[in-house]
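Numbering (this note's numbering), first residue to last: 24 to 448. Using N, Cα and C, we set each Cβ at its ideal position, and we do this for glycine too. Taking it in order: structure first as structure tokens, then the write-up.
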């Protein structure tokens, strides 16, 4: 009888320890990495142990599973041995199997994992020390198992060392932002700002540039008085200076430098040497991504760059403000013109200039038109239609109806776009 009680207590103890293993596995995989790193910086030793375990998650999970399986096998053997004396034969084995299955499923798996998933950070910190001991005990065994697993995976063409932590981190951040936005905890504007930061490395300057057709340029061959007048009329502080033809950019004129030159001239504007006032232009390739260009702007303390293609031809310009607007949206000051090109109609449709940028349209109307391949709405229509449409033609794609209103030569200049079709009417 005493032996039966001892075995019963041992079974109860094994169930408890197995439950702790299950809780530790769940909590350590669900714990918030950012919070653990913050707690570690604040001096929390338990959080430091959690981070050590998470940093080598493969070994941690392997050690916990190994320990848990050893306990469950031992538990099954004890219960079978206990019932074999009371109920001999196959019937006793069957009852022992069913009993162990229920005990392990309820008390060693479902119950502890349910408790751990409810408060993963607290449970992970609480069980970090015993889990670290288990990992150190079973570490060599798990290391050998990992070598075998990686060898088998390579036979199937899978190299685990090639998996990118950075890609997983970005996907996790994007997923968290979208999840909290869907739950109503993150506003649409904040979602776009946070997503804009992550998008910088995936976009190049040609996607946000001011096209060369829209650049305000100054002719260096004109009289200085006329150049000054044009510069004062423009809403910009920096303007390219060309000589002969617009492709021949010889400098960039800054309004502040021009103001100093005007003061030094004593009112004699014709005496100003515009070429000497201008600074050297900065040319960058159109394949430069926004993240690199942002860092270059900050490093060189220059907020204005001219974009050229592979043949050296001018494509447009990009400023620091253009890149920041990809994060925070349009930045307007008292000298900016009101942005034209998007006109809402009473029936819910929108009249657009063909040159309107898709990203600006998505932000203004909270739409989700693709902007990976084409910058403007006209470019998107031509891309999808696989031709240059005639006025009056209508196309339906990406959940919207696009009607071409005007076309000049080979350029679509005006369109009417419906709201998302499932919301129309």
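Query raised in the report: With 16 other CB atoms within 10 Å as the buried threshold, where does residue 72 fall?
Result: buried
Query raised in the report: When the distance is taken between beta carbons, is residue 94 closer than 7 Å to residue 41?
Result: yes
Query raised in the report: Closest Cβ-Cβ distance between residue 180 and chain C: below 7 Å?
Result: Checking the listed chains, one finds no chain C in this structure; it contains a single protein chain.
Query raised in the report: Is the stretch 164 to 172 touching the stretch 52 to 69 in the sense that three or more CB pairs, one from each, lie closer than 8 Å?
Result: no
Query raised in the report: Under the rule that 16 or more other beta-carbon atoms within 10 Å means buried, what is residue 410, buried or exposed?
Result: exposed
Query raised in the report: What are the boundary residues of the alpha helix (DSSP H) that includes residue 316?
Result: 313 to 323
Requested in this report: Provide the residue span of the beta strand (DSSP E) that contains residue 426, from first to last.
Outcome: 423 to 431
Requested in this report: My understanding is that residue 434 touches residue 377, with C-beta atoms under 8 Å, so please give their C-beta distance in whole angstroms.
Outcome: 7 Å
**Report entry** Helix, strand or coil at residue 306 [DSSP, three-state]
**Finding:** strand
Query - Residue ranges of each alpha helix (DSSP H) within the stretch 57 to 138, 4 or longer - result: 68 to 78, 80 to 109 and 113 to 126
Report task. Tell me where the beta strand (DSSP E) around residue 342 begins and ends. Result -> 337 to 342
Requested in this report: Assign residue 85 to one of two classes, buried (16 or more other C-beta atoms within 10 Å of its C-beta) or exposed (fewer than that).
Outcome: buried
Report task. Please name the residue or residues paired with residue 268 in a DSSP beta bridge. Result -> 266
Query raised in the report: If you drop the 5 nearest sequence neighbours on each side, which residues of the same chain put their C-beta closer than 6 Å to that of residue 339?
Result: 232, 233, 234, 235 and 330
Query raised in the report: DSSP puts residue 419 in a beta bridge; with which residues?
Result: 424
Requested in this report: With a threshold of 16 other CB atoms inside 10 Å of the CB of residue 417, please say whether the residue is buried or exposed.
Outcome: exposed
Query raised in the report: What is the DSSP secondary structure of residue 375, counted as helix, strand or coil?
Result: strand
**Report entry** Beta-ladder partner(s) of residue 217, from DSSP
**Finding:** None, per the DSSP bridge assignment.
Report task. Below 8 Å CB to CB, which residues in the same chain sit around residue 153 once its five sequence neighbours on both sides are set aside? Result -> 43 and 47
Report task. Sort 392, 396 and 398 by Cα distance to residue 425 and report the nearest one. Result -> 392
Query - For residue 49, the nearest candidate out of 123, 35, 238 and 145 (CA to CA) - result: 145
Requested in this report: Could you pull out every residue in the same chain whose Cβ sits closer than 6 Å to the Cβ of residue 89, ignoring the five residues on either side in sequence?
Outcome: 161
**Report entry** 8 Å Cβ shell around residue 55 - same chain, five flanking residues per side excluded
**Finding:** 143 and 144
Query - Same chain, Cβ closer than 6 Å to residue 92, five either side skipped, listed in chain order - result: none
Query raised in the report: For the beta strand (DSSP E) that contains residue 292, what are its first and last residues?
Result: From DSSP, residue 292 is part of no beta strand (DSSP E); its letter is neither H nor E.
Query raised in the report: Residues in its own chain within less than 8 Å of residue 201 by CB, not counting five upstream and five downstream?
Result: 214
Report task. Return the CA-CA distance between residue 264 and residue 428, expressed in angstroms with no decimal places. Result -> 36 Å
Query raised in the report: residue 277: buried (16+ other C-beta within 10 angstroms of its C-beta) or exposed?
Result: buried
Query raised in the report: How many angstroms separate the CA atom of residue 299 from the CA atom of residue 257?
Result: 20 Å
Requested in this report: Provide the residue span of the alpha helix (DSSP H) that contains residue 243, from first to last.
Outcome: Where residue 243 is concerned, there is no enclosing alpha helix (DSSP H), given that its DSSP letter is neither H nor E.
Query - Anticipated Cβ contact below 8 Å, residue 430 with residue 372, distance rounded - result: Residue 430 to residue 372, Cβ: 19 Å. No contact.
Report task. Using DSSP bridges, identify the partner residues of residue 437. Result -> 376 and 429
Requested in this report: Report back the beta-carbon spacing between residue 272 and residue 337 to the nearest angstrom; my notes put them in contact at under 8 Å.
Outcome: 7 Å
Query raised in the report: So what does DSSP say about residue 410, is it helix, strand or coil?
Result: coil
Query raised in the report: Ordered along the chain, which non-local residues of its own chain (more than five positions away) have a Cβ less than 6 Å from that of residue 217?
Result: 200
Query raised in the report: Which residues in the same chain as residue 147 place their Cβ atom closer than 7 Å to its Cβ, once the five residues preceding and following it in sequence are excluded?
Result: 50, 51, 54 and 73
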